[in-house]
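A.B. asks: Handing you a structure now.
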Amino acid sequence: MAGNPLRLKSLNHISLVCRSLEKSCDFYQNVLGFFPIRRPGSFDFDGAWLFNHGVGIHLIQSEDPDNMPKISHINPKDNHISFQCESMAMVEKMLKEMKIEYIKSRVEEGGIYVDQLFFHDPDGSMIEICNCDNLPVIPLADQHDMTRLVRSCSLLNCIKSSPEATAAANSNTTAQAVLLQITVLQQQQLS
Numbered sequence: 001m002a003g004n005p006l007r008l009k010s011l012n013h014i015s016l017v018c019r020s021l022e023k024s025c026d027f028y029q030n031v032l033g034f035f036p037i038r039r040p041g042s043f044d045f046d047g048a049w050l051f052n053h054g055v056g057i058h059l060i061q062s063e064d065p066d067n068m069p070k071i072s073h074i075n076p077k078d079n080h081i082s083f084q085c086e087s088m089a090m091v092e093k094m095l096k097e098m099k100i101e102y103i104k105s106r107v108e109e110g111g112i113y114v115d116q117l118f119f120h121d122p123d124g125s126m127i128e129i130c131n132c133d134n135l136p137v138i139p140l141a142d143q144h145d146m147t148r149l150v151r152s153c154s155l156l157n158c159i160k161s162s163p164e165a166t167a168a169a170n171s172n173t174t175a176q177a178v179l180l181q182i183t184v185l186q187q188q189q190l191s
């Protein structure tokens, strides 16, 4: 089965079990910028729903918090959720100010660099902050449905495509830069 057999639309939420609902809510709100949203009252267990950045985080209070595994080593190859940011330097500065331990990593692909910061939430769940939108999303050649061009809609990709997009990006009109990028991509597909 190729394509989208389940007709999925988007990622809705991730769910995390936590030792302390209060500490986890504080972290996801005050470090990552999520805000609480209404949760069904029919649930018979403690938890909280948070939302931002187009995705939900559902926190569930552990029934046995003392026996939850403790993770202290930051391992970028471990399970993690990743968020893109506007400024890696600002994120690193804020993590230092908040005294959150992190490690830095850098990936290079064809002259494009992706910077990454990895750290844990209060329960040891790994968080990555990156500028991953620098790297275009390129489908593998053997994919069946190549009718649509899949590409990251980053300002960097808009800048690389045309002088007009560069000028729009430099004048801080992101919407204009994105529209010009779409136009350039459509012209490339027609030729």
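Residue 32 in UniProt numbering sits at position 32 of the sequence shown, and the numbers go up by one each step. Heads up, the beta-carbon is just placed ideally off N, CA and C, and yes, glycines get one too. If you're wondering where the values come from, they're calculated on a predicted model, not measured in any experiment.
#1: Along the chain, where does the beta strand (DSSP E) that runs through Tyr-113 open and close?
#2: Once the 5 residues before and after Gly-56 are set aside, which same chain residues still bring their CB inside 8 angstroms of it?
#3: Can you tell me the Cα-Cα spacing of Ile-129 and Asp-66, whole angstroms?
#4: Going by C-alpha to C-alpha distance, which of Phe-43, Leu-6, Leu-32, Cys-18 sits closest to Ser-82?
#5: Would a C-beta distance cut-off of 9 angstroms place Leu-8 and Ile-60 closer than the cut-off?
#6: In the DSSP assignment, find the unbroken alpha helix (DSSP H) run with Leu-59 in it and report its ends.
#7: Counting only runs that start and end within the UniProt domain "VOC" (10 to 132), where is the alpha helix (DSSP H) found for 4 or more residues in a row?
#8: Short check: CB of Leu-85 to CB of Asn-134, under 9 angstroms?
#9: Alpha carbon to alpha carbon, how far is Val-107 from Pro-136? Give it in angstroms, no decimals.
#10: Smallest Cα separation from Pro-76: which of Pro-139, Arg-39, Met-126?
#11: Quick check on Asn-134: does DSSP put it in helix, strand or coil?
#12: Measure the CB-CB distance between Ser-72 and Gly-124 and report whether it falls below 9 angstroms.
#13: Would you decide whether His-53 is buried or exposed? Buried here means 16 or more other CB atoms lie within 10 Å of its CB.
#14: With 16 as the cutoff for other CB atoms within 10 Å, does Phe-35 come out buried or exposed?
#15: Can you tell me whether Ser-87 is buried or exposed, with buried defined as 16 or more other CB within 10 angstroms of its CB?
C.D. replies: To lay it out plainly:
#1: The continuous beta strand (DSSP E) containing Tyr-113 extends over residues 112 to 120.
#2: Answer for Gly-56: Asn-12, His-13, Ile-14, Ile-37, Trp-49, Leu-50, listed in chain order.
#3: Approximately 29 angstroms between the Cα atoms of the pair.
#4: Of the listed residues, the one whose Cα sits closest to Ser-82 is Leu-32.
#5: Contact flag unset, no.
#6: It is not in any alpha helix (DSSP H) - Leu-59 instead sits in the beta strand (DSSP E) that spans 55 to 61.
#7: Considered as a whole, the UniProt domain "VOC" (10 to 132) harbours 21 to 30, 88 to 97 as its complete alpha helix (DSSP H) runs of no fewer than 4 residues, in chain order.
#8: The displayed chain sequence assigns Cys, not Leu, to residue 85. In this structure, Cys-85 keeps its C-beta atom at 9 angstroms or more from the C-beta atom of Asn-134.
#9: About 13 angstroms.
#10: Minimum Cα distance to Pro-76 is reached at Met-126.
#11: It is helical.
#12: Yes, they are a contact pair.
#13: Exposed, since its Cβ has fewer than 16 Cβ neighbours within 10 Å.
#14: That one is exposed.
#15: By the 10 Å Cβ count, Ser-87 comes out exposed.
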